[in-house]
Structures are given as C-alpha cells and as structure tokens.
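2 protein chains.
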Amino acid sequence: MTITETQPVSISEAAELTGMSTHALRYYERAGLMLNSVDRASSTHRRYTDADIRWVEFLTKLRSTAMPIARVRDYVDLVRGGNDTFAARLELLRAHRETVIAQLEEMTRSLVAIDHKIALYEEGILGS
Amino acid sequence: MTITETQPVSISEAAELTGMSTHALRYYERAGLMLNSVDRASSTHRRYTDADIRWVEFLTKLRSTAMPIARVRDYVDLVRGGNDTFAARLELLRAHRETVIAQLEEMTRSLVAIDHKIALYEEGILGS
DNA sequence: CTAGAACTTAGAGTGCACTCTAAGTCAATT
DNA sequence: AATTGACTTAGAGTGCACTCTAAGTTCTAG
C-alpha cells in the first residue's frame with residue numbers, strides 16, 4: 337500500500353516541490369504554460385496534482401536549457417492540440433535539442449578558455 | 337613580413353570582429369569593462385587595438401558562461417588593481433569555473449530528459 | 001568645398017522573466 | 001466570533017543587458 341503522495345497540494349507546497357516561487361507558478365499559469373489550468377479547491381485556492389508537478393518539472397527542463405517562455409507556450413499549445421500535432425512537437429523538440437547542443441558546445445569552449453587563464457594564473461605568468 | 341593586422345580599427349570593424357553590436361561595445365566601455373578606455377583617434381572616434389579586441393573576446397567568454405556584468409566588472413577592477421590582486425583574480429575565476437560546471441551539468445541533465453521525450457515521440461508512445 | 005556616411009554623447013526605451021503590491025477572500029485556530 | 005496566516009486577482013515594478021534615439025560632430029569621396 338505504499339502509494340507515493342498522490343494528494344493534490346497547495347501552491348506553496350508545489351513551490352517547494354518544484355523549486356519555483358509561488359509567484360512564478362501563478363505567472364506560468366497565466367502565461368498559458370500549464371496545459372490545463374490548475375484545479376481549484378474551495379473554488380479559489382489552487383491544488384497541484386502529481387501530474388501538474390511533473391509538468392512544471394518538465395517546463396523547468398525546457399527553461400533551464402534557455403527555451404524562451406514563448407517557445408514553451410508554442411509547445412504547450414501543440415500538446416493541447418491533440419494527436420495531430422505529434423510531428424510538430426517532435427520537430428520543435430528536435431530543433432531545441434540542436435540549440436541546446438550548440439549552447440553546451442559554446443559553454444564548453446568558453447570554459448576551456450577560462451581554464452587556460454586559470455592555468456596561467458596558477459603558473460604566476462599573467463597580467464590580465 | 338606577414339604581420340597580422342595590427343592597425344587599430346574603428347568601432348564598426350571591432351563590432352564585426354567580435355560579433356557584438358557597436359552599441360554593446362560602447363555600453364561595455366561605459367560599464368567599465370574595458371580595462372583602459374579605448375583610444376580615440378581624432379580625439380573622438382574609438383580605435384580598437386588587437387589587445388582591445390582580444391579583451392572583448394575574453395569578456396565574451398565570461399558572458400557566454402553567464403557571468404553577470406557586475407561580476408565581470410569586479411574581475412576587470414582586480415586586473416586594474418595590479419599584481420597584488422593575482423590571488424583574488426584566481427579565486428574569482430575558480431569560483432566562476434564551478435558555476436559553469438554546475439550549469440553544464442544541469443543543462444546536460446535537462447538535455448537527457450528532452451532526449452527521452454523525443455525518444456517517446458519517435459516511438460509514437462506519447463500524449464504530453 | 002560639400003554631401004553623405006560614420007561617428008560621438010547622454011539618456012530613454014525595450015524585452016524578458018519574473019517579482020512584488022494592494023486589496024481583498026478563505027481556512028484554521030483560539 | 002475573531003484573529004492570523006495563506007491564499008486570490010490584476011496590475012505595477014524590478015533587474016538585467018542591451019538597444020535605440022536625438023542632436024550634433026567628424027571623416028571620406030567627389
């Protein structure tokens with residue numbers, strides 16, 4: 337019977353679980369990133385389900401790879417569009433994948449340059 | 337005699353060489369990121385030396401690894417501070433290095449999640 | 001010498017992604 | 001029943017990093 341927490345949670349608990357602020361969670365919902373608007377208990381207070389939490393976590397992955405909010409919304413809109421949008425979603429994610437790889441490469445190149453400068457400092461060689 | 341371009345260049349040429357806008361180059365100078373203010377030919381027009389260009393390129397590496405402008409300025413101030421600041425500069429760069437590595441790790445984790453979703457789409461399994 | 005392009009400055013404007021505020025409502029405790 | 005604290009909304013405010021504008025100056029070509 338050890339079923340993992342399946343009770344919907346308040347916005348502040350959702351914030352703790354996802355590492356976002358309550359403000360940001362409301363902002364995401366207003367920005368149309370929430371797939372279906374979060375349920376309300378007492379007709380006003382939000383109740384985040386497990387699925388909501390997992391969705392926010394996926395959004396966070398998109399955002400942490402520098403996908404702009406607008407692009408995230410495009411993806412969400414496609415998901416809302418149903419099965420006809422499978423190909424478009426796949427294309428969007430693949431395109432994003434390429435930008436992420438490019439970012440990783442640029443970052444890695446920059447890191448190498450920074451490491452090089454660190455090495456020069458460690459050898460006491462440098463002036464700038 | 338094949339000496340590489342060593343003539344100072346105009347701001348628009350500097351922009352082309354560094355991939356930044358002329359606006360951004362002026363902004364960086366005003367923000368105190370330029371080590372020593374760029375020389376002026378005709379007492380008004382900027383002349384970027386090779387050293388200036390290389391410096392901007394290094395700044396770009398710091399920026400492309402998400403070092404905030406304010407932190408970059410801290411580093412520049414240390415460099416201006418002379419040899420006494422070697423240890424502090426090294427420390428700043430090492431600390432930044434850690435944040436870059438953390439960023440790379442998070443990005444890579446997110447990429448894995450995105451790849452996983454792509455794979456599900458490719459197998460025609462998914463709904464969100 | 002003149003026209004036009006490129007440059008100068010200070011300061012205002014932009015876009016993004018939150019973040020905060022105000023004024024009020026709801027829930028839990030005393 | 002009243003207080004306290006978490007929640008609600010719409011909308012304003014913030015911080016960052018540019019980016020643009022206006023009004024004027026300087027360089028270059030003809």
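Sequence lines, in order, name chains A and B.
Under the working numbering, think of the first position of the first sequence as 337, with each following residue one higher.
Under the working numbering, think of the first position of the second sequence as 337, with each following residue one higher.
We put the beta carbon where it would ideally sit given N, CA and C, even for glycine.
As the structure is a computational prediction, the values presented were derived from the model and not from experiment.
Pull up the distance between the alpha-carbon of residue i and that of residue j, whole angstroms please.
i              : j              : result
residue 421(B) : residue 415(B) : 7 Å
residue 432(A) : residue 403(A) : 7 Å
residue 388(B) : residue 365(B) : 11 Å
residue 423(B) : residue 459(A) : 12 Å
residue 448(B) : residue 400(B) : 22 Å
residue 359(A) : residue 343(A) : 22 Å
residue 393(B) : residue 425(A) : 37 Å
residue 436(A) : residue 381(B) : 39 Å
residue 443(B) : residue 417(B) : 35 Å
residue 356(A) : residue 350(A) : 8 Å
residue 361(B) : residue 411(B) : 18 Å
residue 386(B) : residue 438(A) : 27 Å
residue 347(A) : residue 398(B) : 37 Å
residue 374(A) : residue 354(A) : 15 Å
residue 451(A) : residue 440(A) : 16 Å
residue 430(A) : residue 378(B) : 51 Å
residue 352(A) : residue 434(B) : 25 Å
Could you please give the first and the last residue of the uninterrupted beta strand (DSSP E) stretch that includes residue i?
i              : result
residue 377(A) : 375-377
Quick one: what's got a C-beta closer than 8 Å to residue i's C-beta in the same chain, skipping five residues either side?
i              : result
residue 395(A) : 364, 369 and 408
residue 391(A) : 370 and 371
residue 376(B) : 382 and 383
residue 428(B) : 407, 410, 411 and 414
May I ask which residues mark the beginning and end of the alpha helix (DSSP H) holding residue i?
i              : result
residue 446(A) : 422-458
residue 354(B) : 347-354
residue 406(B) : 405-416
residue 371(B) : Unbroken run through residue 371(B): none, as it is neither H nor E.
residue 358(B) : 358-366
residue 389(A) : 386-400
What residues in its chain sit with their C-beta under 6 Å from that of residue i, if we drop five residues either side in the sequence?
i              : result
residue 446(B) : none
residue 339(A) : The predicted model places residue 339(A) with a pLDDT of 46, which falls under 50 and marks its position as unreliable; any figure quoted below should be read in that light. So no residue of the chain qualifies.
residue 345(A) : 384
residue 419(A) : none
Please list, in chain order, all residues of the same chain as residue i whose beta carbon is under 7 Å from its beta carbon, the five residues on each side excluded.
i              : result
residue 337(A) : Note that residue 337(A) scores 49 on pLDDT, short of 50, meaning its location in the model is unreliable; the coordinates nonetheless yield the value given after this. There are no such residues.
residue 367(B) : 405 and 409
If the cut-off is 8 Å on Cβ atoms, which residues from the segment 361-391 of chain B count as contacting chain A, listed in chain order? 371 and 391
Using a Cβ-Cβ cutoff of 7 Å, what residues of the segment 400-426 of chain A are near chain B? List them in chain order. 400, 401, 415, 422, 425 and 426
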